[in-house]
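Just so we're aligned, residue 180 is where the sequence shown starts under this note's numbering, counting upward by one. Notes to accompany the following structure.
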Amino acid sequence: MMKVWIVGLLISGLLNIFSAQPVLNTTDQEEGFSADYKKSTWYLQKLLKNQVERLSRNVPLEIEGKKITSANVIPHFYQSRDYHLAWNFPEDLNQLIECIKTIDHDGLLPEDYYLEILLKRIAKRDQLSPVQKVELDLMLTDAAFLMALHLKKGKLQKKTLVPRTKYEEEFSKGTPNFLFEGLQNHQVKQALLSQRPKHSFYQKTVKGIEEYQRIQKNKKDWSAIPFRRELKKGDTTEIVQLVRERLTLLNFYLFEPEFQSFYFDESLERAVKKFQSNHGLQANGVIGKSTIEALNVTPKKRLQALKVNLERLRWLSEDLTPNMLLVNEAGFQLFLFLDGKRRLKSKIIIGRTYLRSPEVQSRLEYIEYYPYWHVPRSITKNEILPQVKKNPSYLSRHRMSLLDYNGNVVNPSKVDFNQYSGGNFPFIIRQRPGSSNALGLVKFIFPNSYNVYLHDTPNKRLFEKENRAFSHGCIRVEDALYMSEILLDKTNGKGLTIDDILEEGKTVRYYFEQDVAVLLVYFTAFSDEKGNLLFHPDVYKRDRAIRSALNRRMR
């Protein structure tokens, strides 16, 4: 009996030893285990599982004062690995560190992904305690997931500009797979870069950042070129040589360094026109004040603009489709893409700086020819009613009708307009269709909460201006009729021509059978589908807040 009791006691003791649950967080808590045991894979699994389960219970986890952010994807990732450390192979580790170091090509900060701490710990990896090894693995994994999140969705939340730290539920479900496969195939860099937006706009704008980083590293003199007078082909002045040198630094012009010439020749004119076209200026080849100002913008400022707009492209990554109307408000331009190919580029007019056109993601619902214009109340109050009070014939001269709120036509001659202000005006003003209608001959409707739309205009002269912020918020399109013809052919295939429709002279709508996205965006710097790097003035002053938030460290 004594032998049985002793054996039982020994077995019980052994079971207690092997069922012990190690607790993390301090080196003291590792005491009681042998050195060989603490080096074992099994022990590291236990330590890692302990930390991961804390994250699963929504217990915050900090390492060197830095909070682990990817708490809703890390548990599933390590569970699928049976809690083995993920970053055992130097090849995988080196690829991740390279991605962090070069994440500034995407306009993001390497410091947001533990770079300094990771480099210090990796340098002394052989001397790390088991707890520190687990912490390093968790930080590496968190850096990878956070970087992937920022590449895919943006560092900032669009509405609040607060840094994005948590995966949305619908995005988190399949997220661990890309990293799991990247580690399994030792293609971590490829796995991370696969999270970038797929559209060529993004890829080419990244190359633009790399180009301007090279320009900045040259550390060439960027002193301001003085503006004294307009210069054109045939002029001779020392300013011509300064412009020639600046355009060469910007890769718009090639000449030998020893070549000195104050003469404005034809080759320089071509380079000036190309520069102007890419910077939202009239491409007339004349070096005026606005061209000199654009040439004087430093590479540092250009880089900041590119970084801001890469963030905007990440916000739009899921909205850029093969069929879309891309309306760039900052560039005063519209691009129509069908089946992934650009079919039209048109000048546009946007809202005044105090009546700013909004940024909208929607889809084209219908085109309307010979539209009526129901005058917005703000325009009625501030512009039309004062004119009618001065001149009662104003409405008839502008082909406008007066309606009550039931849609009945009211005779203006029987209304005493002087008794009304904008606040108590009980009528609706509607302009009849025709070539003089404020909306022109066609409008393009897409659902949005701002009640804005695209439309034609009878007044084409404003399209010749460089800065085209003249509307009340809706977008005027220079080539509206031609655009409608392209879209009509694409969506209906009925062989209708603009001439057929205009000849009838009737108000008619054509609804769309295929999805065409409408994106009212605001890009002050980006690369088009051909790789041309385009810069535009920040007419609405929207860049500053995004730039400040992007440059602010998360940790």
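Each residue gets a CB set at the ideal place from its N, CA and C atoms; glycine is no exception.
R423, buried or exposed, once every other Cβ within 10 Å from all chains shown has been counted against 16: In the assembly as shown, R423 is a buried residue. Its beta-carbon has 16 or more other beta-carbons within 10 Å.
Backbone CA spacing between R493 and D583 [nearest angstrom]: 47 angstroms
For S663, count neighbouring Cβ atoms within 10 angstroms of its own Cβ and tell me buried if that reaches 16, exposed if not. buried
Could you pull out every unbroken alpha helix (DSSP H) segment of at least 4 residues lying fully inside the stretch 225-275, listed in chain order? 253-259
First and last residue of the uninterrupted alpha helix (DSSP H) at I529: It is not in any alpha helix (DSSP H) - I529 instead sits in the beta strand (DSSP E) that spans 520-530.
Proximity of L466 and L410 at Cβ, strictly below 7 angstroms: Residue identity differs from the one stated: residue 466 is Ile in this sequence, not Leu. Yes, Cβ-Cβ distance for I466 and L410 is below 7 angstroms.
Count the other CB atoms within 10 Å of the CB of V341; is the residue buried (16 or more) or exposed (fewer)? exposed
What whole-angstrom Cβ distance do G459 and H715 have, given they're in contact under 8 angstroms? 4 angstroms
State the Cα-Cα distance for the pair T205 and V310, rounded to the nearest angstrom. Bear in mind that a pLDDT of 41 at T205, under 50, signals an unreliable position, so the number given afterwards is only what the model happens to contain. If I take the Cα positions, the gap works out to 8 angstroms.
Stretch pair the stretch 495-515 + the stretch 438-455: three plus CB contacts closer than 8 angstroms: no
Identify which residue in P571, A265, M579 has its Cα closest to the Cα of Q363. From the listed residues P571, A265, M579, the smallest Cα separation to Q363 is found for A265.
Going by beta carbon distance, what residues of the same chain come within less than 8 angstroms of S614, once the five residues before and after it are set aside? L620, P637
Taking just the CA atoms, how far does Q230 sit from K280? 27 angstroms
Can you tell me which of the three DSSP states N507 falls into? strand
Is it the case that the Cβ atoms of R734 and K398 are separated by a distance below 7 angstroms? At the C-beta level, R734 and K398 stay beyond 7 angstroms of one another.
Same chain, Cβ closer than 7 angstroms to L203, neighbours up to 5 away in sequence not counted: With a pLDDT of 41 at L203, under the threshold of 50, the modelled position of this residue cannot be trusted; read the value that follows with caution. Answer for L203: L226, N229, Q230, V310, listed in chain order.
As assigned by DSSP and simplified to three states, the class of K622: strand
Where does the unbroken beta strand (DSSP E) through L499 begin, and where does it stop? Where L499 is concerned, there is no enclosing beta strand (DSSP E), given that its DSSP letter is neither H nor E.
With distances taken between CB atoms, is the gap from K468 to F406 smaller than 7 angstroms? yes
Whole angstroms is fine: what's the gap from L315's alpha carbon to R300's? As the crow flies, the alpha-carbon of L315 is around 7 angstroms from that of R300.
Opening and closing residue of the alpha helix (DSSP H) in which S575 lies: 573-576
Residue span of the beta strand (DSSP E) that contains R491, given as start and end: Not the beta strand (DSSP E): R491 falls in the alpha helix (DSSP H), residues 478-494.
Flag this pair as yes or no: are the beta carbons of R535 and Y719 separated by less than 7 angstroms? yes
Less than 7 angstroms between the C-beta atoms of P355 and S496, yes or no? no
Rounded to whole angstroms, how far is the Cβ of K622 from the Cβ of Y629, which I believe are closer than 8 angstroms? Contact between K622 and Y629 does not hold, since the beta-carbon distance rounds to 15 angstroms and is not under 8 angstroms.
Can you tell me whether DSSP reads S440 as helix, strand or coil? In the three-state scheme derived from DSSP, where H, G and I count as helix and E and B as strand, S440 is classed as coil.
Mind checking which residues open and close the beta strand (DSSP E) that includes F649? 648-650
H577 versus Q693: straight-line alpha-carbon distance, rounded: The straight-line gap separating the alpha-carbon atoms of H577 and Q693 is approximately 37 angstroms.
Pick out the complete alpha helix (DSSP H) segments inside the stretch 394-476, 4 residues or longer, and give them in chain order. 417-428, 445-457, 468-475
Might you give, ordered along the chain, the residues of its own chain that have their beta carbon closer than 6 angstroms to the beta carbon of N587, omitting 5 neighbours on each side? none
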